[in-house]
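Engineer: If you read the sequences in order, they're chains R and S. Terminal number for the first sequence in the numbering used here: 198, no gaps in between. Terminal number for the second sequence in the numbering used here: 1262, no gaps in between. So that we are looking at the same thing, I have put the structure below in structure tokens.
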Amino acid sequence: MPPVAPRSGDSIFANLEHMNAELFTLTYGAIVRQLITDLEEVDEVNKQLDQMGYNIGVRLIDEFLAKSNISRCVDFKETAEVIAKVGFKMFLGVTASVINWDADGTSCSIVLEDNPLVDFVELPDNCQGLHYCNILSGVVRGALEMVSMKTEVTWVRDMLRGDEVYELNVKLIKQVPEEYPYKDDE
Amino acid sequence: MQFFGGSEISPSPPVPTASGNNGHMMYVFNRNGVCLLYREWNRPLRTLNAQQDHKLMFGLLFSLKSLTAKMDPTIAEKGNLGVPQLPGQGCSFHSFRTNTYKLSFMESPSGIKIILVTHPRTGDLRDSLKYIYNLYVEYVVKNPLYTPGSPIRCQLFNTTLDQYVRGIA
């Protein structure tokens, strides 16, 4: 039986159950609002959002692999393309693009023109250091770690702070191959 | 089959044919060698205790993967035998058959390995294993009470799995 071919982001997105976008946006907004009230420090909130995203990413990767039938990416370039074109499309319904590759292909930027998390959002003056969408950077980091890539993901441009697009910089730190986990003394 | 959220599971499961009892055992391992799940339906002979059995199975697959990748005649560049590879990279074996059983194997790029031991005349189970991976995602990964990396203790998953395996030819 020939293996099933990988599906494009659009076809998977069309087949998944959809939820109300406003409910999603408002729920996320309520979470961030509550974190700010509980933690008060903007840096702490950023860290917490990243950690939450990491926990999500660690589980999300299995769902992504199961639904999209994508086999292992050959290199980091392909990985970034897959995240932008299939991943973001499948889970958020937006298509992202990949730009700004550096010389050795270990760092790139994923650009989002449209982001369902930030509909209706305005950052007040006392929260200017807040990375509102930091959960996304955690998700990407967590997911990539489960496929043996240690990465560092940071926000470069943020529409809530006046830029024109959302830009996420993904930098590959190293590939961690699978090691035999049991010691040989048995 | 109704799942939480009702999303479509891809691929759709193969039509059940035989009377069942074709599946003997099933293992699910994660990338660190932790045996997440061990199900047994029909296993008359047991030679090792559970711990050793899991270790043996994991070690066997690890070595087999490495060996089959290194012996691949179609790949130009080869590392040394024993050098660990990224899950899913290079060629990956999917089953072996003896005169008494057939072992089918699937590994996802995230390191989740699914092993199903069945009777020797079973056909290609790759699609079935993919379906089981989808079941894993729906019942285990999406379960907020489950900690990734720990053994699976989800009754609903076990029941659905039993039902599905019973239908595999």
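A virtual CB, placed ideally from N, CA and C, is assigned to each residue, including glycine. Computed from a predicted model, the values in this text were never measured in an experiment.
For tyrosine 1265 of chain S, write down the residues that DSSP places opposite it in a beta bridge.
Structural biologist: This structure cannot settle anything about residue 1265 of chain S, because the visible part of chain S is limited to 1094 through 1262.
Engineer: Mind reading off the beta-carbon distance from isoleucine 24 of chain R to serine 80 of chain R? Whole number of angstroms is fine, and I expect it under 8 angstroms.
Structural biologist: Walking along the first sequence from the start, residue 24 of chain R turns up at place 12. Walking along the first sequence from the start, residue 80 of chain R turns up at place 68. Between serine 80 of chain R and isoleucine 24 of chain R the Cβ distance is about 6 angstroms, and since that is below 8 angstroms, they are a contact.
Engineer: How many angstroms separate the CA atom of proline 1244 of chain S from the CA atom of leucine 1129 of chain S?
Structural biologist: Within the second sequence, numbered from 1, the residue matching residue 1244 of chain S stands at position 151. Within the second sequence, numbered from 1, the residue matching residue 1129 of chain S stands at position 36. Near 4 angstroms, if we compare the C-alpha coordinates of leucine 1129 of chain S and proline 1244 of chain S.
Engineer: Grab me the residues of glutamine 1256 of chain S's own chain with a C-beta within less than 6 angstroms of its C-beta, minus the 5 sequence neighbours each way, in chain order.
Structural biologist: Looking up residue 1256 of chain S in the second sequence gives position 163. Taken in chain order, the list of residues that qualify is empty.
Engineer: What does the alpha-carbon distance come out to for the pair methionine 31 of chain R and valine 159 of chain R?
Structural biologist: For this step, residue 31 of chain R is matched to residue 19 along the first sequence. For this step, residue 159 of chain R is matched to residue 147 along the first sequence. Looking at the two C-alpha atoms, the distance is approximately 28 angstroms.
Engineer: Does phenylalanine 132 of chain R pass the burial test, meaning 16 or more other C-beta atoms within 10 Å, or should it be called exposed?
Structural biologist: Here the question's residue 132 of chain R lines up with position 120 in the first sequence. By the 10 Å Cβ count, phenylalanine 132 of chain R comes out exposed.
Engineer: With distances taken Cα to Cα, identify the nearest neighbour of asparagine 1135 of chain S among S/Met1150, S/Arg1124, S/His1147 and S/Met1119.
Structural biologist: Position 42 of the second sequence, counted from the first residue, corresponds to residue 1135 of chain S. Nearest C-alpha to asparagine 1135 of chain S: S/Met1119.
Engineer: Could you have a look at valine 159 of chain R and say whether DSSP puts it in helix, strand or coil?
Structural biologist: To locate residue 159 of chain R, count along the first sequence from 1; it is residue 147. Three-state result, valine 159 of chain R: coil.
Engineer: Residues of chain R with CB closer than 8 angstroms to the CB of asparagine 1142 of chain S, please, in chain order.
Structural biologist: In the second sequence, residue 1142 of chain S corresponds to position 49, counting from 1. Near asparagine 1142 of chain S there are no residues of chain R at all, since even the closest Cβ is about 13 angstroms away, more than 8 angstroms.
Engineer: Would you kindly work out how many angstroms separate the C-alpha atoms of valine 86 of chain R and serine 1159 of chain S, rounded to a whole number?
Structural biologist: Within the first sequence, numbered from 1, the residue matching residue 86 of chain R stands at position 74. Within the second sequence, numbered from 1, the residue matching residue 1159 of chain S stands at position 66. Rounded to whole angstroms, valine 86 of chain R to serine 1159 of chain S spans 18 angstroms at the Cα level.
Engineer: Run the CB neighbour count on lysine 162 of chain R, radius 10 Å, all protein chains shown included, and call it buried at 16 or more, exposed below.
Structural biologist: Indexing the first sequence from 1 puts residue 162 of chain R at position 150. Answer is exposed; the Cβ neighbour count stays below 16.
Engineer: Does the Cβ of tyrosine 144 of chain R have 16 or more other Cβ atoms within 10 Å, making it buried, or fewer, making it exposed?
Structural biologist: The residue given as residue 144 of chain R occupies position 132 in the first sequence. Classification of tyrosine 144 of chain R: buried, given that the 10 Å Cβ count is 16 or more.
Engineer: Looking only at its own chain, which residues have a Cβ that is under 6 angstroms from the Cβ of isoleucine 1215 of chain S, when we skip the five neighbours before and after it?
Structural biologist: Sequence index remark: in the second sequence, residue 1215 of chain S carries index 122 (1-based). The sequence shown places threonine at residue 1215 of chain S, rather than the isoleucine named in the question. Taken in chain order, the residues that qualify are Lys1195.
Engineer: Please report whether the beta-carbon of valine 159 of chain R lies at a distance below 9 angstroms from any beta-carbon of chain S.
Structural biologist: As a first step, residue 159 of chain R is located in the first sequence; it is residue number 147 there, counting from the start. Yes, because at least one Cβ of chain S sits closer than 9 angstroms to the Cβ of valine 159 of chain R.
Engineer: Taking 8 angstroms as the cut-off, does the segment 1227–1237 of chain S touch the segment 180–195 of chain R (at least 3 CB pairs, one atom from each stretch)?
Structural biologist: Contact fails: fewer than three Cβ-Cβ distances are below 8 angstroms.
Engineer: Mapping DSSP to helix, strand and coil, what is alanine 115 of chain R?
Structural biologist: Looking up residue 115 of chain R in the first sequence gives position 103. Correct three-state label for alanine 115 of chain R: coil.
Engineer: Report the partner residues of asparagine 181 of chain R according to the DSSP bridge assignment.
Structural biologist: As a first step, residue 181 of chain R is located in the first sequence; it is residue number 169 there, counting from the start. Bridge partners of asparagine 181 of chain R: R/Ser121 and R/Thr166.
Engineer: Check each residue of the segment 1124–1141 of chain S: if its Cβ is closer than 7 angstroms to any Cβ of chain R, include it; give the result in chain order.
Structural biologist: Those would be Arg1124, Asn1125 and Gly1126, in chain order.
Engineer: For lysine 186 of chain R, decide whether its Cβ has a neighbour in chain S, counting only Cβ atoms nearer than 9 angstroms.
Structural biologist: As a first step, residue 186 of chain R is located in the first sequence; it is residue number 174 there, counting from the start. No, because no Cβ of chain S sits closer than 9 angstroms to the Cβ of lysine 186 of chain R.
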